[in-house]
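Residue numbers (the UniProt record's numbering): 1 to 146.
Rendered as structure tokens:
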């Protein structure tokens, strides 16, 4: 089947790269190796496809964890802005909404398979968004006098 796909791809100027091609099987009894140009593709149990971590066992906690970590990383990358006094609260909230929220929405819109992954993901995202939003507001306010 891969040879046919490779022939059709070649007709429009595309070439399948064996080194970039991976073989993962889910619920399959077929153990026949996949070959392209006489080379066997690498068999893996986990891969990332279009931003989602997939495992041969089905649902994955790694994908849920990754989707929770991405907005945290985005928020942390903007720490200099959050701590800066050069930007107004309004500007910081606009940055938060356009950058951090975009990553949050990306993570929450993907469906997560397996053991309550959606509930864990949505709860974690809600908690993170609330804490981050409060953090942006608190860092912007002038220190209170005692």
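Even glycine gets a Cβ: it sits at the ideal position worked out from N, Cα and C. Quick caveat: nothing in here was measured; it's all calculated off a predicted structure.
Nearest residue (CA-CA) to residue i, options the options
i          : options        : result
residue 24 : 45, 93, 18     : 45
residue 2  : 95, 37, 88, 19 : 37
residue 18 : 4, 34, 29, 95  : 34
residue 67 : 53, 80, 77     : 53
residue 26 : 57, 43, 4      : 57
Residue i to residue j span [Cα, whole Å]
i           : j          : result
residue 9   : residue 73 : 38 angstroms
residue 84  : residue 47 : 39 angstroms
residue 75  : residue 94 : 13 angstroms
residue 111 : residue 49 : Only weak support exists for where residue 111 lies, its pLDDT of 46 falling under 50; the value from the coordinates is given anyway. So the two alpha carbons sit approximately 13 angstroms from each other.
residue 114 : residue 69 : Confidence at residue 114 is low in this model, with a pLDDT of 45, below 50, so its placement is unreliable and no value can be given for it.
residue 99  : residue 80 : 14 angstroms
residue 97  : residue 12 : 42 angstroms
residue 82  : residue 92 : 7 angstroms
residue 55  : residue 86 : 45 angstroms
residue 32  : residue 14 : 25 angstroms
Residue interval of the alpha helix (DSSP H) (run including residue i)
i          : result
residue 2  : 2 to 11
residue 79 : 79 to 83
residue 98 : Taken as a continuous stretch (DSSP letters only), residue 98 belongs to no alpha helix (DSSP H), as it is neither H nor E.
Which residues DSSP lists as bridging residue i, in chain order
i          : result
residue 43 : 23
residue 48 : 53
residue 36 : 39
Helix, strand or coil at residue i according to DSSP, with G and I counted as helix
i          : result
residue 18 : coil
residue 88 : coil
residue 76 : helix
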